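Report on the following structure.
Protein chains in written order, with this note's numbering: chain B, 1 to 304; chain X, 1001 to 1305.
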């Protein structure tokens, strides 16, 4: 039994151990997750705690320095990484839900409905995504805020976070839908699907029991590639001041704060360099792991 | 040929859909165009303003009025910059963004294609590793990080180049790099993949077997096919670049179109917003069409597909 578990584990972690770079990337990703989740709890500073030492450069007390309000940058980066990863992961999950549903339904109905659903995807592709996000945020923010106020009375900014996740997921499902549709179209004609149809299986059974498991590889791959894309979009919005709002912080807001502190008179480079490094590192690790998964799972690349 | 005409015919339809959708969605969004004026207008002044811009009419009348303008290519006056029409503002800002975007595209292709091709030719050896590493760094550093760093190093510390503003060629360098290096990294990865695929294909093996020099193989045979992924990516990339980037234009104080994408929405400048959305979608369609045409001319097999 134990051996089988190890075998499974070995099979599952094979893509992550493919080459040294991938191993390093997976390690960075794990470390970032641990850092973001565990570190704020065991740091001697609270993320919002201010003290008199504003703008202290990296040193023994504040390892990565402190910001305008004397907040410890290391803890702030940990908390911000948590929010960024959370937004990235849940945004990607939303995009997964919509994208897979859309692709499956389009193929299932086929014909005219399929054509129209895909035209709709094209239409959304043609809209500038920032505009779309702004529109949705503006539409629903107050409504969702009052709704959520009842559920989480003490944290007012959940609405923003929630909507941001929905919006970012809502604009990044397009590629997912296209890929799923393409994949389903090619799977549909395979003998095992024809066989189960011949045995009288219904559409639901074919879609969920036969097609979906065969799509799981490609879904996983695009999920890992969507997470960094959503994180990047979120930081972009936060840099504009339209994403996460203070006192909450994401890596994007930290970078924006750091960039606003650059001036020729006094350099506070650490305020930009560390959050930027954290974002770039996490993006790189996610991208690398996604690529490794793609090489492992995508059928086309396996033959080469 | 038929397909192209069909797609061209769809462009106006799409533009109409985008404009109509934008019109109604924006009217439904809370807030109005005169909310952010310097002093809150008195009720009479605001009513007069609304009357002047026909915002007090029933929605369908407003829509028909706008539709008439759109057909003639006239998006009406800007509700924020009330001394200018939307077309005026776009006529002033689009060339700036266009020049910036074209230069950035030049950087993207000029650096990305040679670096990617070089990496593929030396696959697995140090030039490839170096190029791949640079590409990864480029992709993971978005313009809102790269821009401030460039300004800091070359604009303020070394003071080689002006840190902001627009006008002379020196002003172009930093924003073009901030905007273009990311795309250069993407293009180099795509070129590397394309080139690797092509170099493995039988016709390159034949060329090598008949004794063609490596340089000639790349120039005469491989390069063309290796650009296929780049050509497919060029459409969306150019649409993004030509309509301007909010981050870069904001950072360098460049009077381009990119800033309006965000600001016009925050100002509820309805006509401006609709014009920008239509502009972007039409440009994207046109460039995607161009992309497909380029694909056809690069790869004869696509033509018959």
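Note that CB positions come from ideal geometry on N, CA and C, so glycine has one too. Predicted, not measured: the structure shown is a model, and the values here were computed from it.
Buried or exposed, going by whether 16 or more other CB atoms sit within 10 Å of the CB of residue i?
{"i": "residue 1083 of chain X", "result": "exposed"}
{"i": "residue 174 of chain B", "result": "buried"}
{"i": "residue 1006 of chain X", "result": "exposed"}
{"i": "residue 302 of chain B", "result": "Its pLDDT being 38, under 50, residue 302 of chain B is placed unreliably in this model, and the coordinates cannot settle the point."}
{"i": "residue 1172 of chain X", "result": "buried"}
{"i": "residue 1189 of chain X", "result": "buried"}
{"i": "residue 189 of chain B", "result": "exposed"}
{"i": "residue 1217 of chain X", "result": "buried"}
{"i": "residue 1002 of chain X", "result": "exposed"}
{"i": "residue 1269 of chain X", "result": "buried"}
{"i": "residue 146 of chain B", "result": "exposed"}
{"i": "residue 1213 of chain X", "result": "exposed"}
{"i": "residue 1221 of chain X", "result": "buried"}
{"i": "residue 224 of chain B", "result": "buried"}
{"i": "residue 1089 of chain X", "result": "buried"}
{"i": "residue 112 of chain B", "result": "exposed"}
{"i": "residue 257 of chain B", "result": "buried"}
{"i": "residue 1132 of chain X", "result": "buried"}
{"i": "residue 24 of chain B", "result": "exposed"}
{"i": "residue 191 of chain B", "result": "exposed"}
Check the Cβ of residue i against every Cβ in chain X and list those closer than 7 angstroms, keeping chain order.
{"i": "residue 255 of chain B", "result": "1144 and 1145"}
{"i": "residue 270 of chain B", "result": "None at all; the shortest Cβ gap to chain X is about 13 angstroms."}
{"i": "residue 276 of chain B", "result": "1145"}
{"i": "residue 36 of chain B", "result": "In chain order: nothing, as chain X lies at least about 18 angstroms away."}
{"i": "residue 232 of chain B", "result": "1142"}
Taking 6 angstroms as the limit between beta carbons, can you name the residues of its chain near residue i, skipping five residues before and five after?
{"i": "residue 304 of chain B", "result": "Residue confidence is low: residue 304 of chain B scores 36 on pLDDT, short of 50, so the model does not pin down where it sits. Its coordinate-derived value is still stated next. Answer for residue 304 of chain B: no residue qualifies."}
{"i": "residue 1019 of chain X", "result": "1070, 1274 and 1278"}
{"i": "residue 35 of chain B", "result": "78"}
{"i": "residue 181 of chain B", "result": "103, 106 and 107"}
{"i": "residue 1235 of chain X", "result": "1287, 1288 and 1291"}
{"i": "residue 1230 of chain X", "result": "1187, 1190 and 1191"}
Can you pull the DSSP bridge partners for residue i?
{"i": "residue 72 of chain B", "result": "B:66"}
{"i": "residue 1085 of chain X", "result": "X:1077"}
What residues in its chain sit with their C-beta under 8 angstroms from that of residue i, if we drop five residues either side in the sequence?
{"i": "residue 250 of chain B", "result": "80, 83, 84, 87, 234, 235, 238, 243 and 244"}
{"i": "residue 136 of chain B", "result": "163, 166, 167 and 170"}
{"i": "residue 1284 of chain X", "result": "1235, 1236 and 1239"}
{"i": "residue 75 of chain B", "result": "39, 40, 43, 45, 46 and 47"}
Name, please, each residue of chain X whose Cβ falls closer than 9 angstroms to the Cβ of residue i.
{"i": "residue 284 of chain B", "result": "1136, 1137, 1139 and 1140"}
{"i": "residue 214 of chain B", "result": "Ordered by position in chain X, no residue passes the 9 angstroms Cβ test against residue 214 of chain B, which lies about 25 angstroms from the chain."}
{"i": "residue 139 of chain B", "result": "1025, 1028, 1029 and 1030"}
{"i": "residue 280 of chain B", "result": "1137, 1140, 1141, 1142 and 1145"}
In chain B, which residues lie less than 8 angstroms from residue i when you measure between Cβ atoms?
{"i": "residue 1280 of chain X", "result": "126, 127 and 128"}
{"i": "residue 1284 of chain X", "result": "125 and 126"}
{"i": "residue 1262 of chain X", "result": "130, 134, 240 and 242"}
Given residue i, which residues of its chain have a CB within under 7 angstroms of its CB, disregarding the five upstream and five downstream residues?
{"i": "residue 227 of chain B", "result": "88, 89, 92 and 286"}
{"i": "residue 291 of chain B", "result": "none"}
{"i": "residue 1015 of chain X", "result": "1278, 1281 and 1282"}
{"i": "residue 187 of chain B", "result": "193, 211 and 214"}
{"i": "residue 300 of chain B", "result": "Because residue 300 of chain B carries a pLDDT of 49, less than 50, the predicted location of this residue cannot be relied on, and the following value inherits that uncertainty. The answer is none, since no qualifying residue turns up."}
{"i": "residue 1147 of chain X", "result": "1178, 1247, 1248 and 1251"}
{"i": "residue 57 of chain B", "result": "65 and 270"}
{"i": "residue 1261 of chain X", "result": "1246 and 1276"}
{"i": "residue 1299 of chain X", "result": "1225 and 1228"}
{"i": "residue 1297 of chain X", "result": "none"}
Can you pull the chain B residues whose beta carbon is under 9 angstroms from the beta carbon of residue i, in chain order?
{"i": "residue 1018 of chain X", "result": "123, 126 and 127"}
{"i": "residue 1247 of chain X", "result": "236, 239 and 240"}
{"i": "residue 1265 of chain X", "result": "130, 131, 134, 135 and 138"}
{"i": "residue 1184 of chain X", "result": "Per Cβ cutoff of 9 angstroms: no residues; residue 1184 of chain X is ~16 angstroms from chain B at best."}
Give me the chain B residues within the contact set of residue i, using Cβ-Cβ distance strictly less than 7 angstroms, ordered along the chain.
{"i": "residue 959 of chain X", "result": "As shown, chain X starts at 1001 and ends at 1305. That puts residue 959 of chain X outside it, with no answer to give."}
{"i": "residue 1277 of chain X", "result": "127, 128 and 131"}
{"i": "residue 1152 of chain X", "result": "262"}
{"i": "residue 1014 of chain X", "result": "123 and 126"}
Please decide whether residue i counts as near chain C, where near means a Cβ-Cβ distance under 9 angstroms.
{"i": "residue 267 of chain B", "result": "The structure shown contains no chain C; the protein chains it does contain are B and X."}
For the region 1256 to 1271 of chain X and the region 1188 to 1198 of chain X, state whether three or more C-beta atom pairs, one from each stretch, are separated by less than 8 angstroms. With the cut-off at 8 angstroms, the region 1256 to 1271 of chain X and the region 1188 to 1198 of chain X do not touch.
Across the region 1134 to 1144 of chain X and the region 272 to 287 of chain B, are there enough close Cβ pairs to call them in contact, namely three or more that are closer than 8 angstroms? The region 1134 to 1144 of chain X, when compared against the region 272 to 287 of chain B, does touch it at the 8 angstroms Cβ threshold.
If you pair each beta-carbon of the region 61 to 79 of chain B with each one of the region 186 to 197 of chain B, do three or more pairs fall below 8 angstroms? Three or more Cβ pairs closer than 8 angstroms define a contact, and the region 61 to 79 of chain B falls short of that threshold against the region 186 to 197 of chain B.
Tell me whether the region 203 to 210 of chain B and the region 272 to 282 of chain B touch, counting them as touching only if at least three CB pairs, one residue from each stretch, are closer than 8 angstroms. The region 203 to 210 of chain B is not in contact with the region 272 to 282 of chain B.
Assess, as a yes-or-no matter, whether the region 1180 to 1188 of chain X is touched by the region 1111 to 1122 of chain X under the definition of 3 or more beta carbon pairs within less than 8 angstroms. Flag = yes, the region 1111 to 1122 of chain X and the region 1180 to 1188 of chain X touch.
Measuring CB atoms only, is the region 1150 to 1166 of chain X touching the region 1245 to 1263 of chain X, in the sense that at least three cross pairs come out at less than 8 angstroms? Enough Cβ pairs lie closer than 8 angstroms, so yes.
Using 8 angstroms as the threshold, is the region 1092 to 1100 of chain X in touch with the region 1239 to 1248 of chain X, meaning 3 or more CB pairs across them? These segments touch.
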